[in-house]
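S.K.: Taken in order, these protein sequences are the chains called B and D.
First residue of the first sequence? That's 1 in the numbering used here, and the numbers climb one at a time after it.
First residue of the second sequence? That's 1001 in the numbering used here, and the numbers climb one at a time after it.
We treat Cβ as the ideally placed atom computed from N, Cα and C, and that holds for glycine.
Number of protein chains: 2
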Amino acid sequence: MSRISLELGSGGKSMRDFIAGKILPAFGNRELAGLLDASHLPGGIAFTTDSYVVDPIFFPGGDIGKLAVNGTVNDLVVSGAAPRFLSLGLILEEGLEEADLDRILRSIRTAAAAAGVRIVTGDTKVVRQGQGDKIYINTSGIGKVVAVPRPRSVRPGDRIILTGTLGEHSLAILTARGDFGIEAPVRSDCAPLIFLLPFWKSGVLWMRDITRGGLATILTELAEQAPHPLIIEEESIPLSRAVRAAADLLGIDPLYLACEGRAVAVVPEKKAAAVLAGIRKHPLGRRAAIIGRVDGTTGRPGELLLRTASGGLRLLEPLTSELLPRIC
Amino acid sequence: MSRISLELGSGGKSMRDFIAGKILPAFGNRELAGLLDASHLPGGIAFTTDSYVVDPIFFPGGDIGKLAVNGTVNDLVVSGAAPRFLSLGLILEEGLEEADLDRILRSIRTAAAAAGVRIVTGDTKVVRQGQGDKIYINTSGIGKVVAVPRPRSVRPGDRIILTGTLGEHSLAILTARGDFGIEAPVRSDCAPLIFLLPFWKSGVLWMRDITRGGLATILTELAEQAPHPLIIEEESIPLSRAVRAAADLLGIDPLYLACEGRAVAVVPEKKAAAVLAGIRKHPLGRRAAIIGRVDGTTGRPGELLLRTASGGLRLLEPLTSELLPRIC
């Protein structure tokens, strides 16, 4: 008999097969089939949900509470909606230290205030020791639709903009876990992406935050929907020194590392420079870069290609194995 | 150092102290402070969330999937909203049998169709064995507001209507667990309460579904908000033979047992007979009864009193200890 494996939670190929094979057949409808980070509903509202099971619950640059607010806020932003209201569902493990819970609740409050959202409904369950792991959090979010992403409208020449460096969140979690004996001077990039909202009006056609599966997995999803192939340039991708060093040391590809405060967007060629300049003005977008383009001459529709530092072209696939369970 | 205990999840006094002491100070706002089952937001929409951790995941009359749909649907109905859209957040334990997951997804689909709601957004996380218990589900729900509950408007003489028998859900869970060696011929009452929606237009002032904490706990919450005390009559409360027998055997008070398809409503005296007759016409309301009233002469504001079968008056308190962990 088949059983659920950790890989299914990776955000990569196993998860997409799971969604395509089980979730869509069970609930298939227009909203779900779009596979947006949030669903657009009648009345101009967007709706999204995410559960957070990150281990450890405190890490450099954040904690599970901050993550739960920003993750859901960001899902709304990249789906074209201004975040407004969040729900908060807590699953607490018996024995959780009350001081830890207090710290997480304070962090949720601070993050909600910073993102301009209100926690308006909640629920708390408690499970016995050994039936959870300290705390799991679900946040669902409601936003006001400001734009409809149009992945099918991307055209050759459109630019792909990455809003910042890759992988700090993953590396911060690895450091906090003590896995691989890694001790990197790095903080999670966990942050609200609301500063990106105005750029929907500046011509952005499509946007996604870079979480499970990393940049490569998320761009393969765009490639599947777009009428033209995508090319990204390895040398254009901003990386911090710490992530570059850790990736080299561990043999991990930063293109598959999760972030919690970065997004990738597609913008028509003529508007790309202005959008990039605008993003760079914000502290969270300081290292934004044009990392590639929608391509008219190389590759075939559906493909995501990487031009490597040595000039070769490599086909990128979605993440196929679980690099880091419980990263978010 | 203080740690989280199972009692906090009871729906009783510990949980209310937790909400009053931690959640409201952290997030206090108009919507949360109302402590409705769902929050009413601008634009006439209602928003609610609930996580489901019931053990076992399959039980007579239902499963965790059916519960997760109906629980959130019912929270919307009793807060005065017509349920429209649900989110679905799955936390799966590594090793969960795929056949069990498939069965739960089918059950969710069936329950959503029966309640007239659509699952429009979702998320799946996987945790290692021993960090969960098969499957936990969060459903958040969006509904269209049709009425605003008015607990402060109840007046002496208003009738308290219970829509059916108490405690079948709890007893079905006990039976399925094999706790206390109980084997009762009983099925959970888990069901959608959408048939109650039209009665908001027939004069219902306040409604709640009877879940954690049971009828007594939920009515003490109304008593705290109402300007007059409440009295319920022990002999008027409908009980199935199985629940009555099990309660006697185990020394459990059915007034504190959770249901998943029952509600209690307050209706002005003049409209009570018509509302009761209407509810009774629906199969799920066949055993509805007037079980008490808002009182003008006995007791003090804030009190919930029980007139016992022997004619005495007893003050009812919210549930103070955890009868049944992970009942929903």
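Nearest by alpha-carbon distance to D:I1232: which of D:G1292, D:R1187, D:I1194 is it?
M.R.: Nearest C-alpha to D:I1232: D:G1292.
S.K.: Can you confirm whether D:G1122, when its beta carbon is compared against all beta carbons of chain B, has any partner nearer than 9 Å?
M.R.: So yes, D:G1122 belongs to the interface.
S.K.: At a Cβ cut of 8 Å, what residues of the region 1213-1231 of chain D count as close to chain B, listed as they run along the chain?
M.R.: The residues in question: there are none.
S.K.: Just the Cα atoms here: how many angstroms apart are D:E1303 and B:Y52?
M.R.: Those two C-alpha atoms are separated by around 40 Å.
S.K.: Strictly under 9 Å for the Cβ-Cβ distance: is B:V332 near chain D by that measure?
M.R.: Any property of residue 332 of chain B remains undetermined from this structure, which presents chain B solely from 1 to 328.
S.K.: Could you give the distance in angstroms between the alpha-carbon of B:G71 and the alpha-carbon of B:T139?
M.R.: For B:G71 and B:T139, the distance between alpha carbons rounds to 9 Å.
S.K.: Put D:E1183 into one of helix, strand or coil per three-state DSSP.
M.R.: Note: D:E1183 maps to coil in three-state DSSP.
S.K.: Rounded C-beta distance between D:G1143 and D:A1046? I'm assuming under 8 Å.
M.R.: With 8 Å as the limit, D:G1143 and D:A1046 qualify as a contact, their Cβ atoms being about 4 Å apart.
S.K.: Can you give me the C-alpha to C-alpha distance between B:T356 and B:D253, rounded to a whole angstrom?
M.R.: Nothing in the structure corresponds to residue 356 of chain B, since chain B is present only between 1 and 328.
S.K.: Assuming B:V243 and B:E168 are in contact, meaning their beta carbons sit under 8 Å apart, how far apart are those beta carbons, in whole angstroms?
M.R.: So it is a contact: roughly 6 Å between Cβ atoms.
S.K.: What number of angstroms, rounded off, separates the C-alpha of B:V73 from the C-alpha of D:R1287?
M.R.: Their Cα atoms are separated by approximately 45 Å.
S.K.: Give the C-beta separation of D:L1105 and B:K22 to the nearest angstrom, bearing in mind that I take them to be a contact with Cβ-Cβ under 8 Å.
M.R.: Indeed, because the Cβ distance is near 6 Å, the residues count as touching under 8 Å.
S.K.: Is the region 1091-1101 of chain D touching the region 1160-1180 of chain D in the sense that three or more CB pairs, one from each, lie closer than 8 Å?
M.R.: The region 1160-1180 of chain D, when compared against the region 1091-1101 of chain D, does not touch it at the 8 Å Cβ threshold.
S.K.: Identify the continuous alpha helix (DSSP H) that holds D:H1228 and give its terminal residues.
M.R.: D:H1228 -> no alpha helix (DSSP H), and no H or E assigned at all.
S.K.: Which bits of chain D does B:P325 rub up against, with CB to CB less than 9 Å?
M.R.: Residues of chain D passing the Cβ test: E1094, V1126, V1127, R1128.
S.K.: I want to see whether chain D comes within less than 9 Å of B:M15, judged by CB atoms only; does it?
M.R.: Closer than 9 Å: yes.
S.K.: Classify B:K66: buried if its beta carbon has 16 or more other beta carbons within 10 angstroms, exposed otherwise.
M.R.: Under this definition B:K66 is a buried residue.
S.K.: Can you name the start and end residues of the alpha helix (DSSP H) that D:K1271 belongs to?
M.R.: Taken as a continuous stretch (DSSP letters only), the alpha helix (DSSP H) holding D:K1271 covers 1269-1280.
S.K.: Going by DSSP, what residues sit across from D:F1047 in a beta bridge?
M.R.: DSSP lists D:S1039, D:I1142 as partners of D:F1047.
S.K.: How about D:A1026 and B:R262: are their beta carbons less than 9 Å apart?
M.R.: No.
S.K.: Taking C-beta pairs closer than 9 Å, name the residues in chain B that D:Y1256 reaches, listed in chain order.
M.R.: Within chain B, no residue comes near D:Y1256; the closest Cβ sits about 17 Å away, beyond 9 Å.
S.K.: With DSSP collapsed to three states, give me the class of B:S310.
M.R.: Looking at B:S310 - three-state DSSP - the assignment turns out to be coil, as it is neither helix nor strand.
S.K.: Please identify, using Cβ separations under 7 Å, the residues of the region 1048-1074 of chain D that lie next to chain B, in order along the chain.
M.R.: Going along the region 1048-1074 of chain D in chain order, one finds T1048, T1049, D1050, S1051, V1053 with a Cβ nearer than 7 Å to chain B.
S.K.: What does the alpha-carbon distance come out to for the pair D:K1134 and D:A1184?
M.R.: Cα to Cα, the separation comes out at about 25 Å.
S.K.: Going by C-alpha to C-alpha distance, which of D:H1040, D:I1237, D:T1124, D:R1241 sits closest to B:M15?
M.R.: Comparing Cα-Cα distances from B:M15 to each of D:H1040, D:I1237, D:T1124, D:R1241, the minimum goes to D:T1124.
S.K.: Taking only three categories from DSSP, how would you classify D:L1166?
M.R.: Residue state, collapsed to three classes: coil.
S.K.: Could you pull the DSSP bridge partners for D:K1125 from this structure?
M.R.: DSSP, once it has assigned bridges, lists D:I1091 as partnering D:K1125.
S.K.: In chain D, what lies closer than 8 Å to B:A38 by C-beta?
M.R.: By Cβ distance, chain D contributes T1121.
S.K.: For the region 1099-1114 of chain D, list every residue whose C-beta sits within 8 Å of some C-beta in chain B, in sequence order.
M.R.: Against chain B - using a Cβ distance shorter than 8 Å - the residues of the region 1099-1114 of chain D are A1099, L1101, D1102, L1105, R1106, I1108, R1109, A1112.
S.K.: Considering only residues of the region 1235-1269 of chain D, which uninterrupted alpha helix (DSSP H) runs meet the minimum length of 4 residues and lie entirely inside it, listed in chain order?
M.R.: Fully enclosed alpha helix (DSSP H) runs of 4 or longer: 1241-1250.
S.K.: Excluding the 5 residues preceding and the 5 following B:I119 in the sequence, name in chain order all residues of the same chain whose CB lies nearer than 6 Å to its CB.
M.R.: The residues are L86, L88, A112.
S.K.: How is B:G71 classed by DSSP in three states: helix, strand or coil?
M.R.: B:G71: helix per DSSP, three-state reduction.
S.K.: Under a Cβ-count criterion, where at least 16 other Cβ atoms within 10 Å of its own Cβ denotes burial, should B:D209 be classed as buried or exposed?
M.R.: It counts as buried.
S.K.: Pick from B:I279, B:L8, B:C328: whose alpha carbon is nearest that of B:L171?
M.R.: Measuring from the Cα of B:L171, the nearest candidate turns out to be B:C328.
S.K.: Going along chain D, which residues have a C-beta under 8 Å from B:G89?
M.R.: By Cβ distance, chain D contributes T1049, D1050, S1051, G1089, N1138, S1140.
S.K.: Determine whether the Cβ of D:D1209 lies closer than 9 Å to any Cβ atom of chain B.
M.R.: Judged by the 9 Å Cβ criterion, D:D1209 is not in contact with chain B.
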